[in-house]
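Residue numbers (the working numbering): 464 to 688. Notes follow the structure.
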DNA sequence: CGTCCAGGTCTAC
DNA sequence: GGTAGACCTGGACGC
């Protein structure tokens with residue numbers, strides 16, 4: 464989960480003379496990921512086009528109703544505490560009614576069911592994709608595969624890749640866009656402009672973008688860049 | 001009570 | 001390849 468195999472040395476080397484991100488060289492910038500790649504993808508789908516409260520509701524329901532209770536942990540039947548995130552098989556076996564009436568996932572229900580089935584029958588090998596080194600599976604190839612998954616668009620693909628240890632794509636959404644604009648003192652900044660600004664970080668552009676957005680959390684205090 | 005939109009995506013031009 | 005419209009849900013908002 465701590466992605467300790469991710470080698471950030473090249474990234475830190477690139478930040479040696481970076482005014483904005485040199486602070487990260489102290490060992491900042493590692494992304495916390497899920498025990499399984501399937502969980503990373505499902506959680507991400509549950510962040511799309513909805514408020515954070517909805518994301519929590521959907522994921523909470525998946526865990527509480529489909530996940531396996533941890534051994535020796537006594538919990539209420541409807542609680543998510545003490546349970547593992549459900550496996551692809553467990554999600555695949557859930558009914559449409561569960562997604563509609565319990566998780567209240569709306570149109571995402573069909574996406575999650577389809578994804579879970581693809582993982583179960585072996586058509587989609589998320590775990591292998593996550594484990595594959597760049598030399599074997601390029602960022603472009605991984606991105607195109609993720610984009611073919613139901614419910615995964617540009618935002619989700621970039622987010623999942625970040626969790627998979629590929630910090631090349633910028634996670635652009637309704638939180639990061641205004642967040643970046645505020646940091647540079649503008650009301651609005653076009654995606655192309657942001658992409659151009661971070662192009663210099665090469666295959667670590669997404670990680671650099673993310674770090675900049677969270678810089679104040681690491682250093683304390685809000686400041687413009 | 002109607003409209004808007006939140007850590008977007010998909011389909012049809 | 002770029003762009004409207006539709007899409008589940010529910011909390012926030014204006015009236």
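Idealized CB from N, CA, C, for every residue including glycine.
If distances are taken between C-alpha atoms only, which option among the options comes closest to residue i?
| i | options | result |
| --- | --- | --- |
| residue 604 | 618, 586, 624 and 614 | 624 |
| residue 556 | 576, 543 and 571 | 576 |
| residue 527 | 514, 542 and 513 | 542 |
| residue 565 | 634, 612 and 521 | 521 |
| residue 668 | 609, 584, 583 and 602 | 602 |
| residue 578 | 599, 670 and 608 | 608 |
| residue 504 | 574, 524, 482 and 471 | 574 |
| residue 481 | 679, 663 and 673 | 663 |
| residue 500 | 678, 628 and 645 | 628 |
Would you kindly report the start and end of the unbroken alpha helix (DSSP H) that includes residue i?
| i | result |
| --- | --- |
| residue 491 | From DSSP, residue 491 is part of no alpha helix (DSSP H); its letter is neither H nor E. |
| residue 606 | 602–610 |
| residue 544 | Careful: residue 544 lies outside any alpha helix (DSSP H) and carries neither H nor E. |
| residue 615 | Per DSSP, residue 615 belongs to no alpha helix (DSSP H) and is neither H nor E. |
| residue 660 | 654–661 |
| residue 473 | 472–477 |
| residue 589 | 589–594 |
| residue 639 | 639–646 |
How about residue i and residue j: do their beta carbons lie closer than 8 Å?
| i | j | result |
| --- | --- | --- |
| residue 626 | residue 496 | yes |
| residue 633 | residue 651 | no |
| residue 529 | residue 554 | yes |
| residue 478 | residue 489 | no |
| residue 582 | residue 551 | yes |
| residue 654 | residue 635 | yes |
| residue 620 | residue 511 | no |
Quick check on residue i: buried or exposed, where buried means 16 or more other Cβ atoms within 10 Å of its Cβ?
| i | result |
| --- | --- |
| residue 515 | exposed |
| residue 519 | exposed |
| residue 649 | exposed |
| residue 610 | exposed |
| residue 571 | buried |
| residue 465 | exposed |
| residue 673 | buried |
| residue 630 | buried |
| residue 502 | buried |
| residue 681 | exposed |
| residue 484 | buried |
Starting from the N-terminal side, write out each stretch of the alpha helix (DSSP H) that is 4 residues or longer and does not extend beyond the stretch 501–575.
Within the stretch 501–575, the runs of alpha helix (DSSP H) that reach at least 4 residues and sit entirely inside it are, in chain order, 515–529 and 551–555.
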